[in-house]
Structure formats: C-alpha cells, structure tokens
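A.B. asks: The listed protein sequences correspond, in order, to chains X and D. Every letter in the first sequence is one number past the one before it in the working numbering, and letter 96, counting from 1, is 96. Numbers in the working numbering are just positions in the second sequence, counted from 1, shifted up by 1000. Provided herewith is a single structure, encoded as structure tokens, for subsequent inquiry.
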Amino acid sequence: EAGVVQSPRYKIIEKKQPVAFWCNPISGHNTLYWYLQNLGQGPELLIRYENEEAVDDSQLPKDRFSAERLKGVDSTLKIQPAELGDSAVYLCASSFRSDADTQYFGPGTRLTVL
Amino acid sequence: AQSVTQLGSHVSVSEGALVLLRCNYSSSVPPYLFWYVQYPNQGLQLLLKYTSAATLVKGINGFEAEFKKSETSFHLTKPSAHMSDAAEYFCALNTGFQKLVFGTGTRLLVSP
Chain X
1 EAGVVQSPRY
11 KIIEKKQPVA
21 FWCNPISGHN
31 TLYWYLQNLG
41 QGPELLIRYE
51 NEEAVDDSQL
61 PKDRFSAERL
71 KGVDSTLKIQ
81 PAELGDSAVY
91 LCASSFRSDA
101 DTQYFGPGTR
111 LTVL
Chain D
1001 AQSVTQLGSH
1011 VSVSEGALVL
1021 LRCNYSSSVP
1031 PYLFWYVQYP
1041 NQGLQLLLKY
1051 TSAATLVKGI
1061 NGFEAEFKKS
1071 ETSFHLTKPS
1081 AHMSDAAEYF
1091 CALNTGFQKL
1101 VFGTGTRLLV
1111 SP
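As structure tokens, this is what we get:
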C-alpha cells in the first residue's frame, strides 16, 4: 500500500514569492491534515479536512495561507506571499474513519525562504 | 490546557544499552497517547499508542511504553538499543476531535 505522498520534497524561494505544496493521502483515508514543523520542534496542526470540508482551520494564518482539498482526495497548501519565518517542514498526514486516532505522515516538504 | 512534555532534547546510549525516553502529559480527560519516530528527512512513523486498554503498550521495533496515571507519564523504553534506532522521537497527546499535540522531541543517539 502506498503511503502519503508529498511534493515537492524541497523548495527554495525568495521572500514575497508564492509557493504551493501538494499532498496525496493514502487511498480511502477521508481525513487529511497539514502540519507545520519548525526546526527542533514537534509538528503543529494547521488544518484538518474531513473529505472536502475544512473542519479545523483555527491555526491556519489566513492572511497568507490557504488550502484546498478538491473532491476530497488530494490537497494543496499555499503560501502567498512567503516570509522568512515560513521556513520549516510542512507535513501532510491522513487517517481512516474507522481508526481515526492513527495518523499516517508523509515525508514532508522542506521550505527555505531566502 | 492539554500538553506533553518530553524531558531531554538529546539522549545518548551505547548499542545494546537500555533506551528510556521520557514523556509527561497534562490532560483534563483520559488521554490517548502516542509515540512517533522520525528518521532524517522522513515523515513521522507511529511506534505505538495508548487508548485506555492495557497500560503496557507494545509497539514496533521492540519498543514499549507504560501509561502511569499516578505519575502522568508515558515513557518509552527498549531493552537493547540498536544503531538503527538513532532518530527523533515524539510523544503526542490526542486532545479530542483527532487533534494531536506533540512534544518538542528527543533525539536518540546510539554509539557503537
């Protein structure tokens, strides 16, 4: 079974530029999460989707961050414009309805903002 | 607020020695607790989870953890460390509604 797929794995941009990250969850997983992991820290939830609905986006900085999950499968997280402080690893995870406590994580996208 | 605290940002052991990674939690409701491992440039992998069944939980790769309510702890142990165990380990608490709160992580270093 394929795991959570994320792309790109690495991204380097200059500040004020836009950037987008893509996530493909495990097949059949209805819940999708985006996490932010700063260096030396644990992941912090940005947004959680149940199918195509964002059910928890309280920690998403909505002035510059946006996300979508069209058709309840793949998801895209966007930052526009990026700031120096956005340099971090962006992790995507998914879980299945019948085992909602177990989240499966992708390898992450490491963003560097210059 | 519900939170987890991991004691020690780095733990060093020799190959074959006991591994002990400490995690204490704070929760106003019975907690669901997790340990995840993260290898360099990879995502997090679930090692084990406690969901109010047996207090001693066995996970993958020979790891286990014991839930102690009186000490509000969920420490991770392995009897004999292997070089391949070198990684970052995260303790996490489910706050409800499928929301995980992670500790700051402990980097395990294993020397030959």
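Cβ atoms here follow ideal geometry from the backbone N, Cα and C, with glycine treated the same way.
Between which two residues does the beta strand (DSSP E) carrying L114 of chain X extend?
C.D. replies: As a first step, residue 114 of chain X must be located in the first sequence, where it is residue number 114. Taken as a continuous stretch (DSSP letters only), L114 of chain X belongs to no beta strand (DSSP E), as it is neither H nor E.
A.B. asks: Is the number of C-beta pairs between the segment 14-33 of chain X and the segment 1013-1033 of chain D that are closer than 8 Å three or more?
C.D. replies: The segment 14-33 of chain X vs the segment 1013-1033 of chain D: no contact.
A.B. asks: Can you tell which of X:G42, X:P81 and X:A67 has the C-alpha that lies nearest to the C-alpha of E53 of chain X?
C.D. replies: Here residue 53 of chain X refers to the residue found at position 53 of the first sequence. Residue X:A67 is the option with its Cα nearest to E53 of chain X.
A.B. asks: Could you check if S1069 of chain D is buried or exposed, using at least 16 other CB atoms within 10 Å of its CB as the buried criterion?
C.D. replies: Position 69 of the second sequence, counted from the start, is the residue given in the question as residue 1069 of chain D. In the sequence as presented, Ser is not what sits at residue 1069 of chain D; that position holds Lys. Per the 10 Å Cβ criterion, exposed.
A.B. asks: In the structure shown, what three-state DSSP assignment does I1060 of chain D receive?
C.D. replies: What you label residue 1060 of chain D is simply residue 60 of the second sequence in a count that begins at 1. Here I1060 of chain D sits in helix by DSSP.
A.B. asks: If I measure Cβ to Cβ from G1062 of chain D and keep anything under 6 Å in the same chain, skipping five residues before and after, which residues do I get?
C.D. replies: Counting from one through the second sequence, the residue named residue 1062 of chain D turns up at place 62. Excluding sequence neighbours, G1062 of chain D sits near K1078.
A.B. asks: Please list the partners that T31 of chain X has in chain D, where partner means a Cβ-to-Cβ separation under 9 Å.
C.D. replies: As a working mapping, residue 31 of chain X is identified with position 31 in the first sequence. Those are Q1098, listed as they occur along chain D.
A.B. asks: Measuring straight from C-alpha to C-alpha, what distance separates N38 of chain X and T31 of chain X?
C.D. replies: Counting from one through the first sequence, the residue named residue 38 of chain X turns up at place 38. Counting from one through the first sequence, the residue named residue 31 of chain X turns up at place 31. Between N38 of chain X and T31 of chain X, the C-alpha separation is close to 23 Å.
A.B. asks: Under a three-way DSSP split, which group does D101 of chain X fall into?
C.D. replies: Here residue 101 of chain X corresponds to residue number 101 of the first sequence, with the count starting at 1. D101 of chain X: coil per DSSP, three-state reduction.
A.B. asks: DSSP state of K197 of chain X, grouped into three classes?
C.D. replies: Lying outside 1 to 114, the shown extent of chain X, residue 197 of chain X is not represented and no answer is given.
A.B. asks: Hey, out of D:N1024, D:S1027, D:F1067 and D:V1011, whose CA is closest to L1048 of chain D's CA?
C.D. replies: The sequence position of residue 1048 of chain D within the second sequence is 48, counting from 1. Among D:N1024, D:S1027, D:F1067 and D:V1011, the Cα nearest to that of L1048 of chain D belongs to D:F1067.
A.B. asks: Taking 6 Å as the limit between beta carbons, can you name the residues of its chain near R110 of chain X, skipping five residues before and five after?
C.D. replies: For this step, residue 110 of chain X is matched to residue 110 along the first sequence. Taken in chain order, the residues that qualify are Y10 and V89.
A.B. asks: Relative to the C-alpha of Y1036 of chain D, which residue among D:Q1045, D:P1030 and D:Q1002 is closest?
C.D. replies: Taking the second sequence and counting its residues from 1, one reaches residue 1036 of chain D at position 36. Considering only alpha carbons, the answer is D:Q1045.
A.B. asks: Less than 7 Å between C-beta atoms, sequence neighbours within five positions excluded: which residues of the same chain meet that for Q1101 of chain D?
C.D. replies: The residue labelled residue 1101 of chain D in the question sits at position 101 within the second sequence. In the sequence on display, residue 1101 of chain D carries Val and not Gln. Hits under 7 Å: Q1002, S1003, V1004, A1092, L1093 and T1095.
A.B. asks: Classify A1053 of chain D as buried or exposed, calling it buried when 16 or more other Cβ atoms lie within 10 Å of its own Cβ.
C.D. replies: The count along the second sequence starts at 1 and reaches residue 1053 of chain D at position 53. Exposed is the call here.
A.B. asks: If you draw a straight line from the C-alpha of K15 of chain X to the C-alpha of S87 of chain X, how long is it?
C.D. replies: Along the first sequence, one-based indexing puts residue 15 of chain X at 15. Along the first sequence, one-based indexing puts residue 87 of chain X at 87. Cα-Cα distance, rounded: 10 Å.
A.B. asks: Going by the CB atoms, is the gap between I79 of chain X and E60 of chain X shorter than 7 Å?
C.D. replies: By 1-based counting over the first sequence, the position of residue 60 of chain X is 60. By 1-based counting over the first sequence, the position of residue 79 of chain X is 79. Residue identity differs from the one stated: residue 60 of chain X is Leu in this sequence, not Glu. Contact flag unset, no.
A.B. asks: Tell me which same chain residues have a C-beta within less than 6 Å of the C-beta of D56 of chain X, skipping the five on either side of it?
C.D. replies: Residue numbering aside, residue 56 of chain X sits at position 56 when the first sequence is read from its first letter. Excluding residues within five positions, the ones whose Cβ falls inside 6 Å are R48.
A.B. asks: Within the segment 1042-1106 of chain D, note down every full alpha helix (DSSP H) run reaching 4 residues or more, in order along the chain.
C.D. replies: Counting whole runs of 4 or more residues, the segment 1042-1106 of chain D contains no alpha helix (DSSP H) stretch at all.
A.B. asks: Output the boundary residues of the beta strand (DSSP E) element that contains E1015 of chain D.
C.D. replies: The residue you call residue 1015 of chain D lines up with position 15 of the second sequence. Run containing E1015 of chain D: none; DSSP gives neither H nor E here.
A.B. asks: Are the C-beta atoms of F1063 of chain D and some chain X residue less than 7 Å apart?
C.D. replies: The residue you call residue 1063 of chain D lines up with position 63 of the second sequence. Output row for F1063 of chain D: interface = no.
A.B. asks: Can you tell me the Cα-Cα spacing of V4 of chain X and S1111 of chain D, whole angstroms?
C.D. replies: For this step, residue 4 of chain X is matched to residue 4 along the first sequence. For this step, residue 1111 of chain D is matched to residue 111 along the second sequence. Approximately 32 Å between the Cα atoms of the pair.
A.B. asks: Where does L91 of chain X fall in DSSP's three states?
C.D. replies: Walking along the first sequence from the start, residue 91 of chain X turns up at place 91. L91 of chain X falls in the strand class under three-state DSSP.
A.B. asks: Check the DSSP bridge columns for R1145 of chain D and list the partner residues they point to.
C.D. replies: Nothing can be reported for residue 1145 of chain D, as the shown portion of chain D is limited to 1001 through 1112.
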